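Trainee:
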Amino acid sequence: MFVGHYTEVPEKDTGFEGVTIRWLVSPKLGAKNYAMRYFVLKKGAEIPLHHHDWEHEIFIVRGEGIITNGKEEFHVREGDFLYVPPNETHGYKATGETLEFLCIIPAKKEAIPEDEWA
Numbered sequence: 001m002f003v004g005h006y007t008e009v010p011e012k013d014t015g016f017e018g019v020t021i022r023w024l025v026s027p028k029l030g031a032k033n034y035a036m037r038y039f040v041l042k043k044g045a046e047i048p049l050h051h052h053d054w055e056h057e058i059f060i061v062r063g064e065g066i067i068t069n070g071k072e073e074f075h076v077r078e079g080d081f082l083y084v085p086p087n088e089t090h091g092y093k094a095t096g097e098t099l100e101f102l103c104i105i106p107a108k109k110e111a112i113p114e115d116e117w118a
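With UniProt numbering applied, the sequence shown corresponds to residues 1 to 118, in that order.
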């Protein structure tokens, strides 16, 4: 078992301005099936539309934003949750001071950076 606090996990750059990620649970900790990430988007920051062959389970921890599949926009806020199926286009934008969310994905080689593997 491992217990930690998210603030003890280093914030990493995502390559998108105003967006950081913390890899809370990954294969580095021994997770074989899923990884859990904590994203922070500052006001106005966005992760552009993209897609991949794995699903996401997301829980909005703090703030407000827009989640889109390129056709519809969904306004989300603290306490909302969503499921993004594999291969569905999706993107995120912070509309409040911040948009912070947990995102769980399968522990697949193509989904997780090399430094998060044991």
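Cβ atoms here follow ideal geometry from the backbone N, Cα and C, with glycine treated the same way. Here the structure is a predicted model, which means the values were calculated and not measured.
Given a threshold of 16 other Cβ atoms within 10 Å of its Cβ, counted over all protein chains shown, does residue 5 qualify as buried or as exposed?
Mentor: Numbered from 1 along the sequence shown, position 5 holds the residue referred to as residue 5. Exposed is the call here.
Trainee: Residue 79: buried (16+ other C-beta within 10 angstroms of its C-beta) or exposed?
Mentor: Looking up residue 79 in the sequence shown gives position 79. Exposed: under 16 other Cβ atoms inside 10 Å.
Trainee: For residue 9 and residue 73, I'd like the C-alpha separation in whole angstroms.
Mentor: Taking the first residue of the sequence shown as 1, we reach residue 9 at position 9. Taking the first residue of the sequence shown as 1, we reach residue 73 at position 73. Near 31 Å, if we compare the C-alpha coordinates of residue 73 and residue 9.
Trainee: Over what stretch of residues does the beta strand (DSSP E) that includes residue 94 continue unbroken?
Mentor: Along the sequence shown, read from residue 1 onward, the residue named residue 94 stands at position 94. Taken as a continuous stretch (DSSP letters only), the beta strand (DSSP E) holding residue 94 covers 90-106.
Trainee: Buried or exposed for residue 49, please, with buried defined as at least 16 other CB atoms from any protein chain shown within 10 angstroms of its CB.
Mentor: Residue 49 sits at position 49 when you count from the first residue of the sequence shown. Exposed, by the Cβ-count rule.
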